[in-house]
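Structure, as structure tokens:
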Amino acid sequence: IWAERDSFRFLHRATSGDFELSVSLESLEETHGYAKAGLMVREGLAPEAKCVLLAVWPNGTVESAVRERAGGTMRGAGNVEGKLENTELTLLRAGDRITASIV
Numbered sequence: 153i154w155a156e157r158d159s160f161r162f163l164h165r166a167t168s169g170d171f172e173l174s175v176s177l178e179s180l181e182e183t184h185g186y187a188k189a190g191l192m193v194r195e196g197l198a199p200e201a202k203c204v205l206l207a208v209w210p211n212g213t214v215e216s217a218v219r220e221r222a223g224g225t226m227r228g229a230g231n232v233e234g235k236l237e238n239t240e241l242t243l244l245r246a247g248d249r250i251t252a253s254i255v
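Counting the sequence shown from 1 gives a position; my numbering is that position plus 152.
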């Protein structure tokens, strides 16, 4: 999940209009140096699709990232240090704007 194309497994559901997605994370094993869990909103299923990511790493760091155009490079939009246990992530779309929150 980075650069110009993503390659990973994920559960997805097509939607349109405004929505709110939330997930509560209790634990995550460090199975790989880039292991993370969280939420992603994508424009489509293509590996190079525009997207917004909000994810937690096993050490509790919360990362946000965005790919602003199809085939563009994913870039970090900010990190927050925290704890993993009971971290709740939310992505909210209202109109053309997507906002993220961490509790």
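Don't be surprised by glycine CBs; every beta carbon is placed ideally from N, CA and C.
Owing to the predicted nature of the structure, the values given are computational and were not obtained by experimental measurement.
So the candidates are the options; which of them puts its Cα closest to the Cα of residue i?
{"i": "Val214", "options": "Gly223, Arg221, Gly169 and Tyr186", "result": "Tyr186"}
{"i": "Ala207", "options": "Pro199, Asp248 and Val193", "result": "Val193"}
{"i": "Glu156", "options": "Arg227, Leu244 and Leu205", "result": "Arg227"}
{"i": "Cys203", "options": "Arg161, Leu177, Thr225 and Ala246", "result": "Thr225"}
{"i": "Ala217", "options": "Gly247, Glu233, Glu178 and Ala252", "result": "Ala252"}
Quick one: give me the first and last residue of the beta strand (DSSP E) that residue i is part of.
{"i": "Leu173", "result": "Phe171 to Leu177"}
{"i": "Gly230", "result": "Arg227 to Val232"}
Buried or exposed: which applies to residue i, given that a residue is buried once 16 or more other Cβ atoms fall within 10 Å of its Cβ?
{"i": "Leu163", "result": "exposed"}
With DSSP run on the structure shown, which of helix, strand or coil describes residue i?
{"i": "Ala252", "result": "strand"}
Determine which residues share a DSSP beta bridge with residue i and list them.
{"i": "Trp154", "result": "Arg157"}
{"i": "Leu191", "result": "Leu206"}
Any beta-carbon of chain D closer than 8 Å to the one on residue i?
{"i": "Thr167", "result": "The structure shown contains no chain D, having only a single protein chain."}
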